[in-house]
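First to last, the sequence lines map onto chains G, W, A and U.
According to UniProt numbering, the first sequence is numbered sequentially starting from 1.
According to UniProt numbering, the second sequence is numbered sequentially starting from 1.
According to UniProt numbering, the third sequence is numbered sequentially starting from 1.
According to UniProt numbering, the fourth sequence is numbered sequentially starting from 1.
From the three backbone atoms N, C-alpha and C, an ideal C-beta is built for every residue, glycine too.
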Amino acid sequence: MGDAEARSADDLLPEPEPHRVLGTGAEPEPETWPELYRHLVRGRRYNTQATVLTRQGRLAVYPSSTGQEACQVAAALALEPRDWLFPSYRDTLAAVVRGLDPVAALGLLRGDWHTGYDPRALRIAPLCTPLATQLPHAVGLAHAARLRGDDVVALALVGDGGTSEGDFHEALNFAAVWRAPVVFLVQNNGYAISVPLAKQSAAPSLAHKAVGYGMPGRLVDGNDAPAVLSVLRQALARARAGGGPTLVEALTYRLEAHTNADDAGRYRPDAEVAAWQDRDPLALLGAELRRHGLLTDDREAALRAEADDLAATLRAGLGTEPALDPADLFAHVFATPTPQLREQARRLGVASA
Amino acid sequence: MGDAEARSADDLLPEPEPHRVLGTGAEPEPETWPELYRHLVRGRRYNTQATVLTRQGRLAVYPSSTGQEACQVAAALALEPRDWLFPSYRDTLAAVVRGLDPVAALGLLRGDWHTGYDPRALRIAPLCTPLATQLPHAVGLAHAARLRGDDVVALALVGDGGTSEGDFHEALNFAAVWRAPVVFLVQNNGYAISVPLAKQSAAPSLAHKAVGYGMPGRLVDGNDAPAVLSVLRQALARARAGGGPTLVEALTYRLEAHTNADDAGRYRPDAEVAAWQDRDPLALLGAELRRHGLLTDDREAALRAEADDLAATLRAGLGTEPALDPADLFAHVFATPTPQLREQARRLGVASA
Amino acid sequence: MARALNRALRDALADDPSVHLLGEDIGTLGGVFRVTDGLAAEFGDERCTDTPLAEAGILGTATGMAMYGLRPVVEMQFDAFAYPAFEQLVSHVARMRNRTRGAMPLPLTVRIPYGGGIGGVEHHSDSSEAYYMATPGLHVMTPATVADAYGLLRQAIASDDPVVFLEPKRLYWAKGELEPDVPPGGQAVVRRPGTSATLLCYGPAVPVCLAAAESEAARERGWDLAVVDLRTLVPFDDETVCAEVRRTGRAVVVHEAAGFAGPGAEIAARVTERCFHHLAAPVARVTGFDIPYPPPLLERHHLPDANRVLAAVAGLQWED
Amino acid sequence: MARALNRALRDALADDPSVHLLGEDIGTLGGVFRVTDGLAAEFGDERCTDTPLAEAGILGTATGMAMYGLRPVVEMQFDAFAYPAFEQLVSHVARMRNRTRGAMPLPLTVRIPYGGGIGGVEHHSDSSEAYYMATPGLHVMTPATVADAYGLLRQAIASDDPVVFLEPKRLYWAKGELEPDVPPGGQAVVRRPGTSATLLCYGPAVPVCLAAAESEAARERGWDLAVVDLRTLVPFDDETVCAEVRRTGRAVVVHEAAGFAGPGAEIAARVTERCFHHLAAPVARVTGFDIPYPPPLLERHHLPDANRVLAAVAGLQWED
Ligand SMILES: Cc1ncc(C[n+]2csc(CCOP(=O)(O)OP(=O)(O)O)c2C)c(N)n1
Ligand SMILES: Cc1ncc(C[n+]2csc(CCOP(=O)(O)OP(=O)(O)O)c2C)c(N)n1
Ligand SMILES: [Mg+2]
Ligand SMILES: [Mg+2]
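Pasting the structure below:
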């Protein structure tokens, strides 16, 4: 716009049908598909275990990504170690797949700290609760990296509901104007808590929003892990090469309730859930792997065992009360505690922050 | 989306070239074009006079719409009396063309009240300073009217810079989801104060943003008054008929500085201004009217005289100090003044609010 | 209390066709706290509307609806999720009447579940009342009893001015009697008379103060503590509050919000201005600390409890 | 003062390559108050960037830049136009360090021209400091002199914590000397010693208080008024302030912001808590009224002036 490079809408519009790999006759990739599957199995187990732990009061709450594991896993695996992941509150799993300690990843939801892990260690921004607010952070970080000359791309996750927030708009616009190396992945699971997509947007697809920012929109089957991985890798490569941001919409479904505190039966029919259960990302990839001889019963059993180990780690890590110190209230509010905070800590009878 | 009616992007994308009427050989409309021209002439005079009054200290500030009169006039004339206009801080003229007293319209900019006129009298929302914040108001009002069963459409004005705000996004999304009878007119004058469009958006056009909400986008030559009027009338008719909102982008130019306090020479070349002066909306329509014998020298002189009368009214109305009463500080903060406000008024030594 | 609020909304919808509810998940789901349970079913989607997920959009469109003459009641899902709507609230909702010389009043209620004590994770437990108190043009109400939940919410919806209606989350499950009539907003109520010192509180701190006043420890010390429930932070009931403080000569303000520049600052300052020579000791403040609201496992150390209230009472220079 | 701020930004950009300026119209135009004049030309668009027009986007992307290790300095064009960024400020900027156990500090400065007295139309004259003071995790600074404009802004940018840096609009044209060293933030400064009563103020109210203290009227009454410039609202310098108030036994807080739940409430409350028995009269407040900031032609009646300050001093119960 006023810019010789301005692309026409045709180049920016998403594909009419979601991109798919599984079931299309595409050649399997032995380097990636089994690894994807491994993480899907572990991821499902992680989700299930975490939900069980909420029932035991070990977690304050758990927003499960059961059913969305293909997006979670692909998002984590698509990135290079030097890249950055910006997860939302539902994306604990993506952080774990990226390498975050499975127990440390649950600080927020356990309730002993507001995340607490070091974002710089693995380049995972804090799990973000206020919807869409993490998107401008991703843009700013990616922009900063580019200003510094670093080969770093940011991938930011957001839900379908989150696309309605002003921050979504502002982030995408900044990204496009700055040509920041950032990719936005909308996990469209059809609901924002109880609110269905039809009450959230009247657009042909959420990926169509890309056009209004001058970036390409991509639509992908979010339960097809190889498809999500490949679309994200393309978008990340594009960003890395200086091509600017991409908006990717992945169509998926949250098989569990919004969180353990939610009653999904109030707002969606069982039949709908059942239909999506038939498109379980684990089953889809598992079947294809088996068809190509890349998954055997033994391998499956080994993966389940590995996943059980992960679950046991979770149980063990969360089985004991976390070490709590009221002095922590006053820690890290500022670089140096103010006289007022020191006084308050004293009043509470705890060591000064 | 999930909606049988969801339209494809093709139906929503704006025309590739801005819609034009003047110079296309279109038949003149004797009912409307001369009236448009009359208001253009009056409007230009209004703008010029108001700017002069800032120099004399009679107005605190005046953001002139000189050069954008075609949009201002068409916006006002496209509406039925029962409809609502939502102007931004630059759209005093549109309010005046709609019938607001030319002096009362300047309350905000004169500085004796924060607008002060009764919005319900002529269905003109208060001139809105925080950018894009008036857009959700227009959506809500249009939605309310529809809920009440009233045949009322709202037209909301915003600048190119304003489209970057989150409120723009949220308003358009609500409008589309609710199918509210509202039309958004972006007066794209190429700058947000000093910031050119290329730093504001990388989209093929601002009208392309419509697609992402599932509403049609229209692109129009904003200096071609009949074109703006016709595009707006179509969009308003569509909204009135239950077809939902439309986003209209009008390409225009602010010939003066941002306000009298601004120095436009700092950020745009004279040649650019001169090029747009050649596309002056008054000259464009005037020439076409003359070509068709719809404008004579006598008529032109009569119009100028009428415009001078308007200017004289302004000078007279703003020539005297406005009646000011410190007690007004406490007026209309609440329906009934709180005890605290009564006490404060007393302390200031003024009659209780 | 959630049920009383539900009832208030139901009755308001039934009594006045211009009342419309807007919010996230308030329709089919009935709200995450079930305050709007059943209302969409009874009054339809257009009276109780699930909006897109955008708080500025919700408050902004509600403002437009109020400009047309409706009486919107907006639900913000949690305190911290009202912040995206801050500009609409401060720059428009609070100013529309003033801006238009009274021609366009803005009868709009913003319901905000606020405060902690329910084990909420980050951003789910803020006490944001200081922001609203500091914004001229807004009424700020917050009930502490079931009766007030019903009564004040009805008053808020009936008000021709915008009201920020703060619902103490941890009292949602509190029980009590509905009463048809409660004192009007702007009036504080003495929940417990007392002669030794006056506890000034509102919302979630009221039960805490009552517990302190009724405690064994208070009795042992011989303290007969008055408890004043402010009910409405704007406008503030100077009369009742000052009368009570003058009576006892000692006062403690209690709230969950951070102390620094919190609501208690204003309360302490204005009470002192008005009752200076009746005070045996400076007005004390028992508040949340000046920190981001802590994670759920630590919140009990942050929240004022009866012990901290009593410690503050003990500090009121009784030796003089 | 605008020039001192410009100089501070220039020197910060020159000294530290991680400093980046972001805002609306701060590049080519040099800002609507010309505070960034010439900086884009000298340091390039990438160090002094004209952003799209979206305040949450500006502060949100700046937050991301700070997360990567840069030191962004954001300009909000006017006080009221910082409100769209409120959620980013409160929910992220103020909490990032805390959230990450100190692993991710957020060295970010938000410059906000604030206050009235310049004939600004609606939304151009808000005094919004109460909002920022009530948000734990933010430092809040506001200079009243040219030297502090330079010195405090340099300190703000060098701080490893986020700073809301409030620039008094009507002092932009004030003249004074640059000084290389000013006292650190968090420290109040006695601008005028005095023995009769202490005026506590900051930003635009400092010249007002000095004028009151130096006035004929004060001299006639025999008042020797101390003037304390707070300079930093968070953290608050209890020590200096209380020492001064104890010395005189009488205090008046002066600011432009609305009084109710305004900054003066906290100041009066904490001074009273700490100096109660030294006070001959309650701490008085001279503030803007509890109204939306008035239109320019009425603002002079709203803004505290020397007369109102002196009237408050007169009310400090001298008869006792
Ligand atoms: C700004 C903000 N508003 C409201 C909420 C409360 N909330 C938490 S999750 C949620 C729904 C999110 O839906 P979506 O974006 O589709 O993500 P999903 O939960 O489906 O992963 C809501 C409304 C919030 N976290 N942040
Ligand atoms: C929320 C908000 N941010 C910033 C401003 C300050 N401001 C006033 S006008 C303006 C530029 C507006 O540009 P545009 O939307 O293109 O409208 P135009 O002035 O060109 O008519 C800015 C930044 C404002 N009024 N509101
Ligand atoms: Mg969703
Ligand atoms: Mg413009």
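Would you list the one or two residues that DSSP bridges to residue i?
| i | result |
| --- | --- |
| residue 159/G | 187/G |
| residue 43/U | BP columns for residue 43/U are empty, so no partner. |
| residue 315/A | According to DSSP, which records beta bridges pairwise, residue 315/A is partnered with nothing at all. |
| residue 198/A | 226/A, 251/A |
| residue 112/U | 166/U |
If you count every other CB in all the chains shown that lies within 10 Å of the CB of residue i, and 16 or more means buried, which is it?
| i | result |
| --- | --- |
| residue 63/G | buried |
| residue 199/G | buried |
| residue 186/A | buried |
| residue 333/W | buried |
| residue 221/W | buried |
| residue 60/G | buried |
| residue 262/G | buried |
| residue 328/W | buried |
In three-state terms, what does DSSP make of residue i?
| i | result |
| --- | --- |
| residue 6/A | helix |
| residue 248/A | helix |
| residue 104/A | coil |
| residue 309/U | helix |
| residue 88/G | strand |
| residue 118/U | coil |
| residue 288/A | strand |
| residue 221/G | strand |
| residue 23/A | strand |
| residue 335/G | coil |
| residue 304/U | coil |
Of all the CB atoms in chain U, is at least one closer than 8 Å to the CB of residue i?
| i | result |
| --- | --- |
| residue 147/G | yes |
| residue 68/W | no |
| residue 296/A | no |
| residue 87/A | yes |
| residue 95/A | yes |
| residue 306/A | no |
| residue 301/A | no |
| residue 64/A | no |
Check whether the Cβ of residue i lies closer than 8 Å to any Cβ atom in chain G.
| i | result |
| --- | --- |
| residue 264/W | no |
| residue 220/A | no |
| residue 33/A | no |
Within 8 Å of any Cβ in chain A, is that where the Cβ of residue i sits?
| i | result |
| --- | --- |
| residue 141/W | yes |
| residue 120/W | yes |
| residue 170/W | yes |
| residue 167/W | yes |
Subject >> Touching by the beta-carbon criterion (3+ pairs, under 8 Å), the stretch 195 to 212 of chain U and the stretch 243 to 257 of chain U >> reply: Touching, yes.
Original post:
Would you call the stretch 82 to 91 of chain A and the stretch 100 to 120 of chain U in contact, with 3 or more CB pairs under 8 Å?
Top reply: The stretch 82 to 91 of chain A makes no contact with the stretch 100 to 120 of chain U; the number of CB pairs closer than 8 Å stays below 3.
Original post:
On the three-pair Cβ rule with 8 Å, is the stretch 172 to 182 of chain A touching the stretch 132 to 152 of chain A?
Top reply: Between the stretch 172 to 182 of chain A and the stretch 132 to 152 of chain A there are three or more inter-stretch CB-CB distances shorter than 8 Å, so the stretches are counted as touching.
**OP:** Spell out a yes or no on whether the stretch 31 to 50 of chain W and the stretch 277 to 291 of chain W are touching, meaning 3 or more CB-CB pairs, one atom from each, closer than 8 Å.
**Re:** Contact check between the stretch 31 to 50 of chain W and the stretch 277 to 291 of chain W: three or more CB pairs, one atom from each, fall below 8 Å, which counts as touching.
Original post:
Quick one: any contact between the stretch 221 to 240 of chain G and the stretch 70 to 82 of chain G, if contact means 3 or more CB pairs under 8 Å?
Top reply: With a cut-off of 8 Å, the stretch 70 to 82 of chain G and the stretch 221 to 240 of chain G count as touching, because enough Cβ pairs lie within range.
Original post:
Do the stretch 94 to 106 of chain G and the stretch 243 to 261 of chain G make contact, defined as three or more Cβ pairs closer than 8 Å?
Top reply: No, because fewer than three Cβ pairs between the stretch 94 to 106 of chain G and the stretch 243 to 261 of chain G fall closer than 8 Å, the two stretches do not touch.
**OP:** Count the C-beta pairs between the stretch 179 to 199 of chain G and the stretch 150 to 166 of chain G that are closer than 8 Å, then say yes if the count reaches three, no if not.
**Re:** Contact between the stretch 179 to 199 of chain G and the stretch 150 to 166 of chain G is present, because at least three Cβ pairs lie under 8 Å.
Subject >> Touch test, the stretch 170 to 182 of chain G against the stretch 137 to 149 of chain G, Cβ-Cβ under 8 Å, three pairs minimum >> reply: A contact is defined here as three or more CB-CB pairs under 8 Å, and the stretch 170 to 182 of chain G meets this definition with respect to the stretch 137 to 149 of chain G.
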